[in-house]
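According to our numbering, the sequence shown is numbered sequentially starting from 1.
Where a beta carbon is used, it is the ideal one built from N, C-alpha and C, also for glycine.
Note that the structure is predicted; figures quoted are calculated from it, not measured.
Heads up: the structure comes next, in structure tokens.
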Amino acid sequence: MDDAATLMTLLRRGKHPSSIRGLLSGWDMLQADVPSREQMETALSILVGSGLAEVDSSWGMRLTEEGRRLKRSVKGGQGMRLIPGAISESLAGCQVSRAPLTLPQSVFAPAREDYYDAARRRAERERRSRHRWWWPDPFRRPGQ
């Protein structure tokens with residue numbers, strides 16, 4: 001139920017669906033971990049089976065009106081990392097079921113690799129930018 005709550009926290013309320021790639025980065029931010037394909041599949045099957053989310057043919061995901069209502073009932077003032085726990089409590093009080101969904105590895109793996117590649121590129125840029133620090137060393141005397 002916690003994974004379904006994390007996924008529900010990340011799904012947008014608007015018209016545009018969330019991509020798997022976008023959800024992976026959000027999940028990593030909230031849980032400090034990238035979910036497995038099985039975790040994502042199970043969470044999604046719970047939300048879709050319970051009528052709280054929907055998936056389109058390209059595996060874009062969005063909340064249904066019922067999902068939006070449940071998400072709005074959770075107060076956001078408690079901090080982003082606490083919202084999944086509050087949603088999990090709300091889901092525990094709902095009638096949940098699972099839809100027979102199978103998230104193909106051929107869809108999940110490229111999204112995960114794209115996320116990891118972006119993280120590697122970001123880390124490399126940060127590593128290179130540290131070498132260009134412009135502030136003078138306070139312990140170095142002029143002329144040394």
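Using only alpha-carbon positions, find the residue among the options that is nearest to residue i.
i: Arg68; options: Met80, Leu52, Asp56, Gly79; result: Leu52
i: Glu66; options: Met1, Glu126, Ala123, Leu11; result: Leu11
i: Val96; options: Arg112, Gly49, Glu124, Arg127; result: Gly49
i: Val146; options: Thr64, Ile87, Arg81, Lys15; result: Because the chain spans 1 through 144 in this model, residue 146 falls outside it and cannot be assessed.
i: Val34; options: Glu124, Ala123, Ala111; result: Ala111
i: Glu54; options: Glu89, Cys94, Asp28, Pro100; result: Pro100
i: Arg37; options: Glu89, Arg121, Leu30, Phe108; result: Phe108
i: Glu113; options: Ser25, Gln39, Leu44; result: Ser25
i: Met40; options: Gly14, Arg13, Arg98, Gly85; result: Arg98
i: Tyr116; options: Asp28, His16, Ser45, Gly14; result: Asp28
i: Lys15; options: Ala118, Ala119, Asp56; result: Asp56
Within this structure, are the beta carbons of residue i and residue j separated by less than 8 Å?
i: Leu23; j: Leu7; result: yes
i: Leu82; j: Met1; result: no
i: Leu30; j: Leu103; result: no
Within 10 angstroms of its Cβ, does residue i collect 16 or more other Cβ (buried), or is it exposed?
i: Asp3; result: buried
i: Ser106; result: exposed
i: Lys71; result: buried
i: Ala5; result: buried
i: Ala123; result: exposed
i: Met80; result: exposed
Between residue i and the ligand GDP, is the CB less than 7 Å from at least one heavy atom?
i: Arg13; result: As for the ligand GDP, it is missing from this structure, which has no ligand bound.
Continuous beta strand (DSSP E) assignments of at least 3 residues falling wholly in the region 25 to 113: 53 to 55, 61 to 63
Indicate whether the contact test is met: 3 or more Cβ pairs, each with one atom in the region 13 to 33 and one in the region 54 to 69, closer than 8 Å. yes
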